[in-house]
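**Q** Numbering (my numbering), first residue to last: 3 to 254.
Dropping the structure in here first, questions after.
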């Protein structure tokens with residue numbers, strides 16, 4: 003479980019995050035939704051211990067984040083980056099096996115069992131056929147699934163995803179987000195991700211946190227917080243929500 007209490011973070015003397023309070027249960031998928039520059043990525047970096055908050059506390063399963071060693075934290079938290087421009091043509095299978103790194107010491111290397119486990123993960127995500135391909139030669143959607151595979155290989159309790167579907171087409175966006183939702187349920191992962199598209203957040207999230215100017219202005223179950231008034235206040239523009247066959251669609 004993630005619990006955040008009274009979190010403040012400043013950059014160059016200006017508040018980026020202000021009085022953040024948030025609780026996420028195991029198995030829940032929570033989306034941070036808000037305008038550019040609202041603090042979504044900064045909050046993820048605070049949870050992953052890249053940024054140190056000025057005030058407040060983050061708890062992982064009741065333990066204070068700053069009291070957990072970096073080596074243990076690397077086993078607890080898995081991440082999928084916001085876009086990635088590959089430079090060295092590692093094989094996809096090798097990228098996935100890198101998820102085992104937090105469990106290895108400087109003198110050890112991945113075992114054959116690790117590689118078999120990586121193949122099982124790739125197979126489960128439907129991309130085993132990419133195993134021997136250089137990851138510089140796979141599509142954006144496939145690359146995101148490779149990084150999700152690496153995170154699963156890490157066997158984390160928490161998965162942080164920063165705009166995991168940026169620049170993906172509709173098919174790949176759905177495939178990535180469906181995968182995230184499924185593995186969260188199956189592995190009881192606590193998932194926190196940032197998205198831009200309200201409709202994606204509605205479909206794939208259990209709860210949504212609206213964040214604006216560094217503050218969480220609404221937080222709760224998707225059907226509770228996503229309404230025209232809250233969206234208008236979040237983005238300073240008009241929205242309509244259409245309901246058909248129990249499905250809700252945001253138009254703007």
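In this text, a Cβ means the ideal position worked out from N, Cα and C, and glycines have one as well.
From a predicted model like this one, the values you see are computed outputs, not experimental measurements.
Could you tell me which residues DSSP puts in a beta bridge with residue 195?
**A** By one-based count along the chain shown, residue 195 stands at place 193. Answer is 33 and 163.
**Q** How about residue 62 and residue 196: do their beta carbons lie closer than 7 Å?
**A** Stepping through the chain shown from its first residue, residue 62 is reached at position 60. Stepping through the chain shown from its first residue, residue 196 is reached at position 194. Cβ distance not < 7 Å, so residue 62 and residue 196 don't count as in contact.
**Q** On the three-pair Cβ rule with 8 Å, is the stretch 201 to 210 touching the stretch 44 to 61?
**A** By the Cβ test, the stretch 201 to 210 is not in contact with the stretch 44 to 61, since fewer than three Cβ pairs between them sit closer than 8 Å.
**Q** Does DSSP put residue 16 in a helix, a strand or coil?
**A** As a position in the chain shown, residue 16 is number 14, starting the count at 1. Strand, per DSSP.
**Q** So residue 94 packs on residue 140, CB below 8 Å; how close in whole Å?
**A** For the purposes of this step, residue 94 is taken as the residue at position 92 of the chain shown. For the purposes of this step, residue 140 is taken as the residue at position 138 of the chain shown. About 7 Å separates the two Cβ atoms, so the contact holds.
**Q** To test your reading of the DSSP string, which unbroken beta strand (DSSP E) runs of 3 or more residues are found completely within the stretch 103 to 157?
**A** none
**Q** Tell me which same chain residues have a C-beta within less than 8 Å of the C-beta of residue 149, skipping the five on either side of it?
**A** Position 147 of the chain shown, counted from the start, is the residue given in the question as residue 149. Shown here for residue 149: same chain residues with a beta carbon closer than 8 Å to its own, the five before and five after excluded, namely 82, 83, 86 and 97 in chain order.
**Q** Residue 48 bridges to which residues according to DSSP?
**A** The residue labelled residue 48 in the question sits at position 46 within the chain shown. According to DSSP, residue 48 bridges with nothing at all.
**Q** Mark residue 143 as exposed unless 16 or more other C-beta atoms lie within 10 angstroms of its C-beta, in which case mark it buried.
**A** Here the question's residue 143 lines up with position 141 in the chain shown. It is buried - the Cβ of residue 143 has at least 16 other Cβ atoms within 10 Å.
**Q** Please state whether DSSP places residue 202 in a helix, a strand or coil.
**A** Here residue 202 corresponds to residue number 200 of the chain shown, with the count starting at 1. Residue 202: helix per DSSP, three-state reduction.
**Q** Would you check if the distance between the CB atom of residue 166 and the CB atom of residue 78 is smaller than 7 Å?
**A** The residue given as residue 166 occupies position 164 in the chain shown. The residue given as residue 78 occupies position 76 in the chain shown. Not a contact, by the Cβ cut-off of 7 Å.
**Q** In the structure shown, what three-state DSSP assignment does residue 10 receive?
**A** In the chain shown, the residue the question calls residue 10 occupies position 8. Residue 10 falls in the strand class under three-state DSSP.
**Q** Would residue 255 and residue 133 qualify as a contact pair, given that the criterion is a beta-carbon distance under 7 Å?
**A** For the chain, the structure presents residues 3 to 254; residue 255 sits outside this window and is missing.
**Q** Tell me the DSSP secondary structure of residue 248 in three-state form.
**A** Here the question's residue 248 lines up with position 246 in the chain shown. In this structure, residue 248 counts as coil in the three-state DSSP scheme.
**Q** If you pair each beta-carbon of the stretch 219 to 234 with each one of the stretch 184 to 204, do three or more pairs fall below 8 Å?
**A** yes
**Q** Decide if residue 50 is buried, meaning its Cβ has at least 16 other Cβ atoms within 10 Å, or exposed.
**A** Here residue 50 refers to the residue found at position 48 when the chain shown is read from its first residue. Per the 10 Å Cβ criterion, buried.
**Q** Pull up the distance between the alpha-carbon of residue 192 and that of residue 186, whole angstroms please.
**A** In the chain shown, residue 192 corresponds to position 190, counting from 1. In the chain shown, residue 186 corresponds to position 184, counting from 1. Approximately 7 Å between the Cα atoms of the pair.
**Q** Residue 179 lies in the alpha helix (DSSP H); which residues open and close that run?
**A** Mapped onto the chain shown, residue 179 falls at position 177. Start and end: 172 to 189.
**Q** Ignore the nearest five residues each way along the sequence and tell me which others in residue 17's own chain have a CB closer than 8 Å to its CB.
**A** Position 15 of the chain shown, counted from the first residue, corresponds to residue 17. Same-chain partners within the cutoff: 10, 11 and 216.
**Q** According to DSSP, is residue 101 helix, strand or coil?
**A** What you label residue 101 is simply residue 99 of the chain shown in a count that begins at 1. In this structure, residue 101 counts as helix in the three-state DSSP scheme.
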